[in-house]
Every structure is written in C-alpha cells, then in structure tokens.
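Participant: Numbering (my numbering), first residue to last: 1045 to 1190.
The structure follows.
See the structure below:
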C-alpha cells in the first residue's frame, strides 16, 4: 500500500511567517555580506545580486514555511547549520587573521549563497526524511485496526 501524502496546506499565518523568515534571512545575509567585505558594486552585477537575494529569501522562507505548516524542523537545522558553518569558516579564514589572504573564487559563505539551490535540495531532503520518520513512528504507536 502506498502511503498518502497530504498536500501542503498554506494558511495565511504560515505564509506570513515564511515571508518574515525570508526577509530576516535576507537581512542577515546582507549584514554578513557587508561585514565580510564582499563587493557591493551593482554595475554589471544586477543579475547576480538578484540571484543571491532570491536565494537568501528562499533559504529563509522555505524552512520557515515547513516549520509553520508541517512542524518540520530539519530544513531549518540544515540551512542554519550550513549557513553558520560557512559564515564561521569565511570569518576565520578571510576576516579574523591579521593579514587575511585574498580569496581566489568564492569564499565558503559565497558558495553558500551561490549554491543556494543545492542547500535548498538538501534541506528538502532532510524534511522528507523527517516527515517519513514521523509517519513511521506514529504508525508504529497506533494499534493496527483488525
């Protein structure tokens, strides 16, 4: 028997929380972007900055929506963990040292921002595993109807 997965219901509260989560993540990413000294030159970078901003919104809104609508915590843990790890690594290597090295290519935090679709996919996979485990545990606790 194939388990039935109910569609994700979107109520106003969940969507509002997702918007707040997305904007909050975008603000945090923008603050870190400036603190790390990434270039904010807009000329000829409009498409790239729009891509990064869209990714920052998605990385904040997606996990927040899944917490609000389905109580799935793993997507937020994945995004938060990867974001924190890449920000810490960027700070330790490129900001904290007395004579920081010049980055060649993206920094770890830069890869987090550029690779946001991969981070999103990993977060969704974590949410799917959490959802599957919760369903399996709840079925094991529920006595079988005979």
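All C-beta atoms in this analysis are idealised placements derived from N, C-alpha and C, irrespective of residue type, glycine included.
All of these numbers come straight from a predicted model, not from anything done at the bench.
Taking 6 Å as the limit between beta carbons, can you name the residues of its chain near residue 1171, skipping five residues before and five after?
Facilitator: Stepping through the chain shown from its first residue, residue 1171 is reached at position 127. Counting only Cβ-Cβ distances below 6 Å, and skipping sequence neighbours, we find 1110, 1116, 1118, 1119.
Participant: What is the DSSP secondary structure of residue 1053, reduced to helix, strand or coil?
Facilitator: As a first step, residue 1053 is located in the chain shown; it is residue number 9 there, counting from the start. DSSP places residue 1053 in coil when its eight states are reduced to three.
Participant: Who are the Cβ neighbours of residue 1152 in its own chain at under 6 Å, not counting the five residues just before and after it?
Facilitator: The count along the chain shown starts at 1 and reaches residue 1152 at position 108. Correct list, in chain order: 1130, 1133, 1134.
Participant: Residues in the same chain with beta-carbon distance under 7 Å from residue 1166, minus the five sequence neighbours each way, listed in chain order, please.
Facilitator: One-based indexing of the chain shown puts residue 1166 at position 122. The answer, listed in chain order, is 1122.
Participant: Residues in its own chain within less than 6 Å of residue 1045 by CB, not counting five upstream and five downstream?
Facilitator: Residue mapping note: residue 1045 aligns to position 1 of the chain shown, counting from 1. Bear in mind that the predicted position of residue 1045 carries a pLDDT of just 45, short of 50, making it too unreliable to give a figure here.
Participant: Buried or exposed for residue 1102, going by 16 or more other Cβ atoms inside 10 Å?
Facilitator: One-based indexing of the chain shown puts residue 1102 at position 58. Residue 1102 is buried by the Cβ-count criterion.
Participant: On the DSSP letters alone, give me the boundaries of the alpha helix (DSSP H) that residue 1080 sits inside.
Facilitator: One-based indexing of the chain shown puts residue 1080 at position 36. First-last for residue 1080: undefined, no H or E at that position.
Participant: Which runs of the alpha helix (DSSP H) at least 4 residues long sit entirely within the segment 1098-1135? Give them in chain order.
Facilitator: The qualifying runs are 1118-1134.
Participant: Relative to the alpha-carbon of residue 1080, which residue among 1069, 1114, 1138, 1061 has its alpha-carbon at the smallest distance?
Facilitator: Counted from its first residue, the chain shown places residue 1080 at position 36. For the residues 1069, 1114, 1138, 1061, the minimum Cα distance to residue 1080 belongs to 1138.
Participant: Give me the Cα-Cα distance between residue 1183 and residue 1090, rounded to the nearest whole angstrom.
Facilitator: Residue mapping note: residue 1183 aligns to position 139 of the chain shown, counting from 1. Residue mapping note: residue 1090 aligns to position 46 of the chain shown, counting from 1. Taking the straight line joining both Cα atoms gives about 50 Å.
Participant: Buried or exposed: where does residue 1070 fall if 16 or more other Cβ atoms within 10 Å of its Cβ makes it buried?
Facilitator: Against the chain shown, residue 1070 aligns to sequence position 26. Residue 1070 should be labelled buried.
Participant: According to DSSP, simplified to helix, strand and coil, what is residue 1140?
Facilitator: Position 96 of the chain shown holds residue 1140. If DSSP states are grouped into helix, strand and coil, residue 1140 belongs with coil.
Participant: Taking the straight line between their C-alpha atoms, what separation do you get for residue 1105 and residue 1144?
Facilitator: One-based indexing of the chain shown puts residue 1105 at position 61. One-based indexing of the chain shown puts residue 1144 at position 100. Their backbone Cα atoms lie some 33 Å apart in a straight line.
Participant: Just the C-alpha distance for residue 1095 and residue 1149, rounded to the nearest angstrom, thanks.
Facilitator: Locating residue 1095 in the chain shown gives position 51, where the first residue counts as 1. Locating residue 1149 in the chain shown gives position 105, where the first residue counts as 1. So the two alpha carbons sit approximately 17 Å from each other.
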